[in-house]
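Residue numbers for the sequence shown follow our numbering, beginning at 2 and rising by one.
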Amino acid sequence: MRFPPVALCASAELVDGGLAVPFDVQCGRDCLRAFAIRYNGQVHAYLNRCTHVALELDLLPNRVFDASGQWLICAAHGAVYAPDSGAGVDGPCRGGLQKIELTESAGQVFWQPTERIRPVDFG
Numbered sequence: 002m003r004f005p006p007v008a009l010c011a012s013a014e015l016v017d018g019g020l021a022v023p024f025d026v027q028c029g030r031d032c033l034r035a036f037a038i039r040y041n042g043q044v045h046a047y048l049n050r051c052t053h054v055a056l057e058l059d060l061l062p063n064r065v066f067d068a069s070g071q072w073l074i075c076a077a078h079g080a081v082y083a084p085d086s087g088a089g090v091d092g093p094c095r096g097g098l099q100k101i102e103l104t105e106s107a108g109q110v111f112w113q114p115t116e117r118i119r120p121v122d123f124g
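Pasting the structure below:
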């Protein structure tokens, strides 16, 4: 089953290597935080859960990039991930970040729900 895309933010809100745009998703019975970023001109999104310990990457709000703007880093234990794939590349990570599909059209970024990751049901 294909779900309709969900509007996330204006394209201009995502700057290469800059602050992430957070959003909440339903994953099974859990409400989890996710984030969107821009890297090398492309938009990407992931569940905000380190694979080392299930903590959010950002201790300071929306700061998921390292100082160079080239890597995603978990502020708690230093696990490092590739921004374009979510693959774990250094530190104590166990695998990669869970990717969420994004599209960009007419100055807007949208995320694509799936059976597993969908909009939060407040009902």
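Glycine included, each C-beta is placed from N, C-alpha and C at the ideal position. Here the structure is a predicted model, which is why all the values come from computation and not from measurement.
Buried versus exposed, by CB contacts within 10 Å (16 or more), residue i
i	result
Val65	buried
His45	buried
Ala80	buried
Arg95	exposed
Phe24	buried
Whole-Å CB distance - residue i paired with residue j, under 8 Å assumed
i	j	result
Pro114	Val7	6 Å
Leu58	Ala76	6 Å
Ala37	Leu48	Between Leu48 and Ala37 the Cβ distance is about 11 Å, and since that is not below 8 Å, they are no contact.
Gly18	Gly87	Contact doesn't hold; Cβ gap of about 16 Å is too wide.
Extent of the continuous beta strand (DSSP E) to which residue i belongs
i	result
Gly97	That residue, Gly97, is in no beta strand (DSSP E); it is neither H nor E in DSSP.
Pro23	22–28
Residue i and residue j closer than 7 Å at C-beta
i	j	result
Val121	Cys32	yes
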